[in-house]
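From first to last, the protein sequence lines are chains A and B.
The numbers in the working numbering rise by one with no breaks, and the one at position 146 of the first sequence is 149.
The numbers in the working numbering rise by one with no breaks, and the one at position 265 of the second sequence is 1508.
Note that the Cβ used here is the ideal one computed from N, Cα and C, for glycine as well.
Please read all numbers here as calculations on a predicted model, not as lab measurements.
One structure below.
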Amino acid sequence: MTKRSPVLATLVAVAVIGCATTPSGEDTAAKAAAMLKSSFKANGQAGLDRLDQDETERVCSALANRAPPKDVAERIEKLNLATIKYPADAKYLGDWKNGEKIGQEGRGKQFSDDPAGPVGANCYACHQLAPQELSYGTIGPSLYQFGKLRGYGPDIQRYAYAKIYNPDAFAACSNMPRFGHNGILSEQQIKDVTALLMDPASPINK
Amino acid sequence: MSRRRLAAGLLAICGALVAPLLLAQSSAVDEIAKYRAALQEGNPAELWEVRGEDIWKQKRGPKQVSLEQCDLGLGPGVVTGAYARLPRYFSDADRVMDLESRILWCMTRLQGISDADARKQLFGNGNDRKSDMEAMVAYVTSESRGTPMNVSINDPHEAEMYRLGEKMFYFRGGTHDFGCVTCHGESGKRIRLQDLPNLTTKDGAQKAYTTWPAYRVSQGEVRSFQWRLYDCFRQQRFPELVYGSDASIALTMFLARNANGAAFDAPAIKR
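See below:
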């Protein structure tokens, strides 16, 4: 979710290149793609098509650990912004209590998961949200008081919904999954998680 | 298995943590550090090492020979220090191999065991069905404890595997756009309460690679590096990583080579 600093990216690039010969670009990428296909097998709901990259994944993978240059970032963000489907009823907030459950749920889409079972967003894996939950990760920023800090108005609601739907629309090559665009969460689930962030009654905003 | 449940179980084991609302984040992390320190007192992986050595030296398969003549790269019969130099290119197989793909190769070539039979129980089930492979891996790797990692990319096959492994590391895909780099590309990050090594730094790669295989307390099994990769990709929402596949060896090559210079220190013990 956070964009990486250019300084860190440069250091990392130097560290990586320092222990290897420089990758020979596209040839290696093509070989790597072919190797991937022969090294995985379909299992349950996880088919080999999951190895097919879209434009965003391809561009972000090629950048390795570097932040995208400005023009690339703008292109990726534009591409992803166009994918966002907003609710037809223009209501962005569902039930924050369901949102909390979705935020806690780590199952879904793994080959070991029941395809008919729950699919969560596992927000707490990477973010601090409700202060009661101490077991939270730090890959993404803290979202505690998300609405309280930004205001509860319809524009922010719409932004929060869109950010969950497709974070790459706002931060190219984000670490965060594109929950709506990639069909991980339903519209109602995204509304519920949006409510967790934006409902004044949500524990996040207390 | 959800990380939350693991983390919750860990908190329960730590004991002193009663009222989450009153508990500061830092003290939860401190308690986990204490728990990890306590784990180092005794490592059940030793049981796997002993069983693995026994299996290694047993006459098995249609040809009724042991694996004592298996060449792990330092010559037939040399186990000590071999793991610290793997993966490497083997001219007899014309392939870069990690330890586990090499053991499979020796089982089929030396012992005459079919590839399907050799793959029957690659991972133990945490209960009654133990894996001979995990035991042998525990034995062979224990014979490199204290040896500095020294993985070569001098051979062109090895250099290419390293480059492919690097590409793999940054490859993002699946329903969640995850790659290895998503969780292992920045320092000081964690998932839930689990600290994540930054595998793009020398220090991070060294600390992580030299502590696998490991006895996983949460699973009651010694898990190998192949298992580590298999389970990372499962959580990445990728399809199933084929055991001993080129992608698994390439990634292992990338990480093992980046760990060069650090003393190998496994089988370890992890929560």
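Can you tell me whether B:Leu-1265 is buried or exposed, with buried defined as 16 or more other CB within 10 angstroms of its CB? Its pLDDT being 47, under 50, B:Leu-1265 is placed unreliably in this model, and the value from its coordinates should be taken loosely. Of the other Cβ atoms in all chains shown, fewer than 16 fall within 10 Å of the Cβ of B:Leu-1265; this residue is therefore exposed.
With a cut-off of 8 Å, do at least 3 Cβ pairs link the stretch 140 to 147 of chain A to the stretch 109 to 119 of chain A? The stretch 140 to 147 of chain A is not in contact with the stretch 109 to 119 of chain A.
Roughly how many angstroms separate the alpha carbons of B:Gly-1320 and B:Pro-1391, rounded to a whole number? Cα to Cα, B:Gly-1320 sits roughly 20 Å from B:Pro-1391.
Short CB-CB distance (under 8 Å) between B:Gln-1478 and chain A: For B:Gln-1478, the answer is yes, since a Cβ of chain A falls inside 8 Å of its Cβ.
To the nearest angstrom, how far is the alpha carbon of A:Ala-91 from that of A:His-184? Our two residues, A:Ala-91 and A:His-184, have alpha carbons roughly 16 Å apart in a direct line.
Are there 16 or more other CB atoms within 10 angstroms of the CB of B:Arg-1352, so buried, or fewer, so exposed? So B:Arg-1352 counts as exposed.
Going by the CB atoms, is the gap between A:Ala-175 and A:Pro-71 shorter than 8 Å? In contact: A:Pro-71 and A:Ala-175 (Cβ atoms closer than 8 Å).
Quick one: grab the DSSP three-state call for B:Met-1340. Residue state, collapsed to three classes: strand.
For chain B, check one thing: does any of its Cβ atoms lie closer than 8 Å to the Cβ of A:Phe-173? Between A:Phe-173 and chain B, the shortest Cβ-Cβ separation is not below 8 Å.
Check for me: the beta strand (DSSP E) holding A:Ala-124 runs from which residue to which? A:Ala-124 -> no beta strand (DSSP E), and no H or E assigned at all.
Taking A:Asn-178 as the reference, which of A:Lys-100, A:Ile-167 and A:Pro-206 has the closest Cα? For A:Asn-178, the closest C-alpha among the options A:Lys-100, A:Ile-167 and A:Pro-206 is that of A:Ile-167.
Below 7 Å on C-beta distance, what does B:Leu-1484 contact in chain A? Here the neighbours are Ser-42 and Phe-43.
Taking Cβ-Cβ distances shorter than 7 Å, what residues in chain A pair up with B:Gly-1285? Here the premise fails: no neighbours, minimum Cβ distance about 27 Å.
Can you tell me whether B:Phe-1333 is helix, strand or coil according to DSSP? Note: B:Phe-1333 maps to strand in three-state DSSP.
Expected contact under 8 Å - CB spacing of B:Lys-1410 and A:Ala-35 to nearest Å: About 4 Å; that satisfies the 8 Å criterion.
Determine the chain A residues that contact B:Ala-1327 at a beta-carbon separation under 8 Å, and present them in chain order. None at all; the shortest Cβ gap to chain A is about 16 Å.
I want to see whether chain B comes within less than 8 Å of A:Leu-54, judged by CB atoms only; does it? Yes, because at least one Cβ of chain B sits closer than 8 Å to the Cβ of A:Leu-54.
Candidates B:Ala-1281, B:Arg-1514 and B:Arg-1471: closest to B:Gln-1437 by CA position: Ranking the options by Cα distance to B:Gln-1437, first place goes to B:Arg-1514.
For the alpha helix (DSSP H) containing B:Tyr-1473, name the first residue and the last one. Taken as a continuous stretch (DSSP letters only), the alpha helix (DSSP H) holding B:Tyr-1473 covers 1468 to 1478.
Considering only the beta carbon of each residue, do A:Tyr-155 and A:Thr-197 sit closer than 8 Å? In this structure, A:Tyr-155 keeps its C-beta atom at 8 Å or more from the C-beta atom of A:Thr-197.
Indicate the three-state DSSP secondary structure (helix, strand or coil) for B:Asp-1273 in the structure shown. In the three-state reduction of the DSSP assignment, B:Asp-1273 falls in the helix class.
Give a yes or no on whether 8 Å exceeds the smallest Cβ distance from B:Lys-1302 to chain A. False, the Cβ-Cβ gap to chain A never drops below 8 Å.
Per DSSP, which one or two residues make a beta bridge with B:Ala-1457? Beta-bridge pairing links B:Ala-1457 to B:Arg-1466 and B:Ala-1511.
Which residue's Cα is closest to the Cα of B:Pro-1482: A:Ala-33, A:Thr-31, A:Glu-29 and A:Asp-55? Taking B:Pro-1482 as reference, the option from A:Ala-33, A:Thr-31, A:Glu-29 and A:Asp-55 with the minimal CA-CA separation is A:Asp-55.
Please classify B:Asp-1398: does DSSP put it in a helix, a strand, or coil? Correct three-state label for B:Asp-1398: coil.
Assign A:Ser-41 to buried or exposed, taking buried as 16 or more other Cβ atoms, counted over all protein chains shown, within 10 Å of its Cβ. So A:Ser-41 ends up on the exposed side.
Do you know offhand how far B:Leu-1260's Cα is from B:Ala-1325's? The predicted model places B:Leu-1260 with a pLDDT of 40, which falls under 50 and marks its position as unreliable; any figure quoted below should be read in that light. Using only the alpha carbons, I get a separation of about 44 Å.
So, at 8 Å on beta carbons, what are the nonlocal neighbours of A:Leu-96 in its own chain, with the 5 sequence-adjacent residues on each side left out? Short of 8 Å from the beta carbon of A:Leu-96, and not among the five residues preceding or following it, lie these beta carbons of its own chain, in chain order: Gln-160, Lys-194, Thr-197, Ala-198, Met-201 and Asp-202.
Does the beta-carbon distance from B:Ile-1275 to B:Ala-1378 come in below 8 Å? Cβ distance not < 8 Å, so B:Ile-1275 and B:Ala-1378 don't count as in contact.
Does the CB of A:Asn-83 have a neighbour CB from chain B at under 8 Å? Taking Cβ atoms only, chain B never reaches closer than 8 Å to A:Asn-83, which makes this a no.
Please compile the residues from chain B whose C-beta is within a distance smaller than 8 Å of the C-beta of A:Ile-187. Near A:Ile-187 (Cβ distances below 8 Å), the residues of chain B are Thr-1418 and His-1419.
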